[in-house]
Amino acid sequence: MIKLNPKLSQKFSYTLLCFAAILAIAPVILMVFIIIKNGASAISWEFLSSMPKSGMCVGGILPAILGTLSIVSCAIVVTLPVGVCAAIYLNEYAKDNMLTRIIKLAIVNLAGVPSVVYGLFGLGIFVMFLKLGVSIIAGALTLSIMELPVIITTARSSLGSVPYSFREASLSLGVSRWQTIRHVVLPNAIPGILTGAILSIARISGETAPILFTAAAFYVPHLPRSIFDQVMALPYHLYIISTQIPNMPKNIIYGTALVLLMMVLTMSCIAIFARIYFRKRRKW
Amino acid sequence: MRKVLDFIIEKIIFICGTVSIIFVILIFSFLFKEGFSFFKDFGVLKFIGGHFWYPSSDHASFGILPLIVGSVFVTIGACAIAVPIGVMTALFISEIVPKGIRDILKSLVELMAAIPSVVIGFIGMITLVPLVKSIFNLPTGLTAFSGSIMLAFMAIPTIVTISEDAIRSVPWQYKQGALALGATKWQTLRRIILKAAMPGIIAAVMLGIGRVIGETMAVMMITGNAAHIPHSIFEPVRTMTATIAAEMGETVRGGMHYRSLFAIGLVLFLITFLINFVADLFLGKNKNT
Chain E
2 MIKLNPKLSQ
12 KFSYTLLCFA
22 AILAIAPVIL
32 MVFIIIKNGA
42 SAISWEFLSS
52 MPKSGMCVGG
62 ILPAILGTLS
72 IVSCAIVVTL
82 PVGVCAAIYL
92 NEYAKDNMLT
102 RIIKLAIVNL
112 AGVPSVVYGL
122 FGLGIFVMFL
132 KLGVSIIAGA
142 LTLSIMELPV
152 IITTARSSLG
162 SVPYSFREAS
172 LSLGVSRWQT
182 IRHVVLPNAI
192 PGILTGAILS
202 IARISGETAP
212 ILFTAAAFYV
222 PHLPRSIFDQ
232 VMALPYHLYI
242 ISTQIPNMPK
252 NIIYGTALVL
262 LMMVLTMSCI
272 AIFARIYFRK
282 RRKW
Chain Z
848 MRKVLDFIIE
858 KIIFICGTVS
868 IIFVILIFSF
878 LFKEGFSFFK
888 DFGVLKFIGG
898 HFWYPSSDHA
908 SFGILPLIVG
918 SVFVTIGACA
928 IAVPIGVMTA
938 LFISEIVPKG
948 IRDILKSLVE
958 LMAAIPSVVI
968 GFIGMITLVP
978 LVKSIFNLPT
988 GLTAFSGSIM
998 LAFMAIPTIV
1008 TISEDAIRSV
1018 PWQYKQGALA
1028 LGATKWQTLR
1038 RIILKAAMPG
1048 IIAAVMLGIG
1058 RVIGETMAVM
1068 MITGNAAHIP
1078 HSIFEPVRTM
1088 TATIAAEMGE
1098 TVRGGMHYRS
1108 LFAIGLVLFL
1118 ITFLINFVAD
1128 LFLGKNKNT
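Note that the protein sequences, when read in sequence, are chains E and Z. The number in the working numbering is simply the position in the first sequence, starting from 1, with 1 added. The number in the working numbering is simply the position in the second sequence, starting from 1, with 847 added.
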């Protein structure tokens, strides 16, 4: 084998790594570009604000947008407080014992359960066992369990980044443990927790498999009226019109994909910029 | 009064802390309840090893071997693409580019992770599937191969983010020591940093595999959903996840077919449980070094 000059081999390898990075990122940018280019023409106020008509081939996607918004907002209302409390327990109260180790293992495994299995679970427990039926609330509860590990992990790391001396200063003044957490630790951790929450909202807005059997409907002729209604949801709607309906006008499919993609990417961008902003402003 | 309030709040926090254990147990027991009653009626071995998935014919047969092979084909294909690209990208981002560009690239990778799987599936159907069909001259472009490519893009963000963390947590003394001995940057990177970060990178790969096995919507849209044992990756396959998602809607609640889908869910749950457990062990190892 020829022994390469180390400098030359470094140059060669760096080029290779750069090429890999391009290969990882460029196709995804291309995908986004294709959707924007083809979908932009479909977007109009009417498309966003009217009901689908004649077998969904004309008209808008308003019920799907509202359906997704209602499922996601219900889910976050349930999961955020529980997740933050769990993070507080793990970061502030838990001792290094068997229970804590089991909790951490459970979180890791919840994070890895496939989304379609959450869908099965939601069908089993919320739709059938608790008799909530296929509804916004059943879908939202399913999504909230799915998002719990993510919320716990991000909340925990933002609680953990509050310096220990803050707690010591407060505790040495005779303030109780919960009061210290409530008035010293939490206010400093709020930006991180909120950023994590926004990222979670973005993620669950695009999830389809968990709501497939728990909340989503093929077509609902009216807007969602209560949390016990079946609804149309944006990702499920995209799935339906791109695979189940033949001769669907392409620009409506692209338009729906674009709306979903923009919803998710805008929220993720907000979260990423907020994180950069708060990190710069942090005083410790 | 305040003491009582504190006490109540601390109890609530404790309950929330244990809630994830409760959910893991609940998920397992719900899948197990339906799955077990199915196993009693049909038999575990016939289920895992059976070659035929005909859930709705008169002589219903629930062999999930074709589905397992389908999942394995797609997963291996996706990993063959995503692992080298992902690890190399992580090396590039963490060790080569200047800090300003690194932050931009990391944000981009994070945005990639946020793209919904239906959107990936839709784009794959429109662009990749016809391409695969014409390049390889196949009867259909809906194959395990197309699925692997699209799923690779979903696994790459996971692999990059976690490998990058592992690479950056390598103690800086290792790097300085190697450089001081006269090694070039690339030699240091390949022989020292990559080795020290290996447990973390293995964990990243395992979590990437977990993501691919559990992926549902994109595979359902791209891989063709033919429930037979494939001979090559250029044939349509059907994965376990896609089977659950596609068939749950048409089953009779409580019937054989319905319970068989829960049994598939149980198999998936156990597989991902194992993968995450092992990945977690590797991640713990990484922290100790």
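Backbone N, C-alpha and C define an ideal beta-carbon position, used for all residues, glycine too. In this text, all values refer to a predicted model and were calculated from it rather than measured experimentally.
Could you tell me how far apart the beta carbons of E:A198 and E:I152 are, in whole angstroms, since I believe they sit closer than 8 Å? Numbered from its first residue, the first sequence carries residue 198 of chain E at position 197. Numbered from its first residue, the first sequence carries residue 152 of chain E at position 151. At roughly 7 Å, the Cβ-Cβ gap stays under 8 Å, so E:A198 and E:I152 are in contact.
Can you tell me whether E:A156 is buried or exposed, with buried defined as 16 or more other CB within 10 angstroms of its CB?
Numbered from 1 along the first sequence, position 155 holds the residue referred to as residue 156 of chain E. E:A156 should be labelled buried.
task: Within its chain, find whatever has a CB closer than 8 Å to the CB of E:P64; leave out the 5 residues flanking it on each side and keep chain order.
output: Indexing the first sequence from 1 puts residue 64 of chain E at position 63. Excluding residues within five positions, the ones whose Cβ falls inside 8 Å are M52, P53, V221, H223, L224, P225, V232 and M233.
Q) Helix, strand or coil for Z:V1084 per DSSP? A) Here residue 1084 of chain Z refers to the residue found at position 237 when the second sequence is read from its first residue. Three-state result, Z:V1084: strand.
Query - Closer than 7 Å at the beta carbon, the chain A residues around Z:I948 - result: Among the protein chains of the structure shown, namely E and Z, there is no chain A.
*For Z:R1085, decide whether its Cβ has a neighbour in chain E, counting only Cβ atoms nearer than 8 Å.*
Position 238 of the second sequence holds residue 1085 of chain Z. No, Z:R1085 does not count as interfacial toward chain E.
Going along the region 239–262 of chain E in order, which residues come within less than 8 Å of chain Z, judged by CB to CB distance?
L239, Y240, S243, T244, I254, A258, L261 and L262
- Query: Using a beta-carbon distance cut-off of less than 9 Å, what residues from the region 885–896 of chain Z approach chain E?
  - Reply: none
- For E:A190, which of E:R280, E:V265 and E:P28 has the nearest alpha-carbon? To locate residue 190 of chain E, count along the first sequence from 1; it is residue 189. Nearest option by C-alpha distance: E:R280.
Taking the alpha-carbon positions, what's the E:K8 to Z:T1031 distance? Taking the first sequence and counting its residues from 1, the one referred to as residue 8 of chain E is at position 7. Taking the second sequence and counting its residues from 1, the one referred to as residue 1031 of chain Z is at position 184. For E:K8 and Z:T1031, the distance between alpha carbons rounds to 7 Å.
Original post:
Excluding sequence positions up to five away, which residues of its chain have a Cβ less than 6 Å from the Cβ of E:F167?
Top reply: In the first sequence, counting from the first residue as 1, residue 167 of chain E sits at position 166. Around E:F167: V185.
Where E:K54 falls: helix, strand or coil (DSSP)
By one-based count along the first sequence, residue 54 of chain E stands at place 53. It is a strand residue.
Among the residues of its own chain, which have a CB less than 6 Å from the CB of E:L144, if the five just before and after it don't count? For this step, residue 144 of chain E is matched to residue 143 along the first sequence. Closer than 6 Å at Cβ, skipping near neighbours: A76, I205 and P211.
Under a CB-based cut-off of 8 Å, is E:Q231 close to chain Z? Locating residue 231 of chain E in the first sequence gives position 230, counting from the first residue. False, the Cβ-Cβ gap to chain Z never drops below 8 Å.
- Entirely within the region 854–916 of chain Z and at least 4 residues each: give me those alpha helix (DSSP H) ranges in chain order. 891–896
So which residues of chain Z does E:P150 contact, with C-beta pairs closer than 8 Å? For the purposes of this step, residue 150 of chain E is identified with residue 149 of the first sequence, where counting begins at 1. Here the neighbours are S867.
So which residues of chain E does Z:K1032 contact, with C-beta pairs closer than 8 Å? Start at 1 with the first residue of the second sequence, and residue 1032 of chain Z comes out as number 185. Per Cβ cutoff of 8 Å: Q11.
task = Please state whether DSSP places E:V232 in a helix, a strand or coil.
result = Position 231 of the first sequence, counted from the start, is the residue given in the question as residue 232 of chain E. Strand, per DSSP.
Simplified DSSP state of E:V59, which is helix, strand or coil: Taking the first sequence and counting its residues from 1, one reaches residue 59 of chain E at position 58. Looking at E:V59 - three-state DSSP - the assignment turns out to be strand.
Quick one: measure Cβ to Cβ for E:E93 and E:I182, integer angstroms, because I've assumed they're closer than 8 Å.
Locating residue 93 of chain E in the first sequence gives position 92, where the first residue counts as 1. Locating residue 182 of chain E in the first sequence gives position 181, where the first residue counts as 1. With 8 Å as the limit, E:E93 and E:I182 qualify as a contact, their Cβ atoms being about 6 Å apart.
Review point. Less than 8 Å separating the beta-carbons of E:L149 and E:V78?
Key: Counted from its first residue, the first sequence places residue 149 of chain E at position 148. Counted from its first residue, the first sequence places residue 78 of chain E at position 77. Cβ atoms of E:L149 and E:V78: not closer than 8 Å.
Given 8 Å, three or more beta-carbon pairs between the region 953–968 of chain Z and the region 989–1001 of chain Z
yes
- Given that E:L142 touches chain Z, what residues does it touch there, using C-beta distances under 8 Å? Numbered from its first residue, the first sequence carries residue 142 of chain E at position 141. Those within 8 Å of E:L142 in chain Z number zero; the least Cβ separation is about 11 Å.
Neighbour list for E:M129 in chain Z, Cβ cutoff strictly below 8 Å: By one-based count along the first sequence, residue 129 of chain E stands at place 128. Near E:M129 (Cβ distances below 8 Å), the residues of chain Z are R1100.
Margin query: To be precise: take each residue of the region 1054–1076 of chain Z, compare its Cβ to all Cβ atoms of chain E, and keep it if any distance is under 9 Å. Which residues remain?
Written below: L1054, G1057, R1058, I1060, G1061, E1062, T1063, M1064, M1067 and M1068
| query | So E:I273 packs on Z:E957, CB below 8 Å; how close in whole Å? | reply | By one-based count along the first sequence, residue 273 of chain E stands at place 272. By one-based count along the second sequence, residue 957 of chain Z stands at place 110. That belief holds up - the Cβ atoms of E:I273 and Z:E957 are roughly 6 Å apart, short of 8 Å.
In the DSSP output, which residue or residues are listed as bridge partners for Z:G1071? As a working mapping, residue 1071 of chain Z is identified with position 224 in the second sequence. In DSSP, Z:G1071 forms a bridge with Z:V1084.
query = In chain order, what residues of the same chain have a beta carbon less than 6 Å from the beta carbon of Z:G933, not counting five sequence neighbours either side?
reply = For the purposes of this step, residue 933 of chain Z is taken as the residue at position 86 of the second sequence. Excluding sequence neighbours, Z:G933 sits near I1003, I1006 and V1007.
### Query
What separation, rounded to the nearest whole angstrom, lies between the Cα atoms of Z:I911 and E:F130?
For this step, residue 911 of chain Z is matched to residue 64 along the second sequence. For this step, residue 130 of chain E is matched to residue 129 along the first sequence. Looking at the two C-alpha atoms, the distance is approximately 27 Å.
Do three or more CB pairs link the region 259–272 of chain E to the region 34–48 of chain E at distances below 8 Å? yes
I'd like the list of long-range same chain contacts for Z:A925, defined as Cβ closer than 7 Å, with 5 residues on each side in sequence excluded. In the second sequence, the residue the question calls residue 925 of chain Z occupies position 78. Excluding sequence neighbours, Z:A925 sits near S995, L998, A999, A1002 and V1059.
Run through DSSP, which three-state label would E:A217 get? Taking the first residue of the first sequence as position 1, residue 217 of chain E is located at position 216. Residue state, collapsed to three classes: strand.
Under 8 Å from the C-beta of E:G61: neighbouring residues of chain Z: Numbered from 1 along the first sequence, position 60 holds the residue referred to as residue 61 of chain E. Neighbours of E:G61 on chain Z: none; closest Cβ ~19 Å, over 8 Å.
Note down, in chain order, all residues in the region 76–102 of chain E with a beta-carbon under 9 Å from any beta-carbon belonging to chain Z. P82, V83, G84, V85, C86, A87, A88, I89, Y90, L91, E93, Y94, A95, L100 and T101
Check your understanding: Nearest to Z:V979 by CA position, among Z:F992, Z:I970 and Z:F969, is which residue?
Key -> For the purposes of this step, residue 979 of chain Z is identified with residue 132 of the second sequence, where counting begins at 1. If we check each option's Cα against that of Z:V979, Z:F992 comes out closest.
Just how far apart, CA to CA, sit Z:I895 and Z:I860? By one-based count along the second sequence, residue 895 of chain Z stands at place 48. By one-based count along the second sequence, residue 860 of chain Z stands at place 13. Near 42 Å, if we compare the C-alpha coordinates of Z:I860 and Z:I895.
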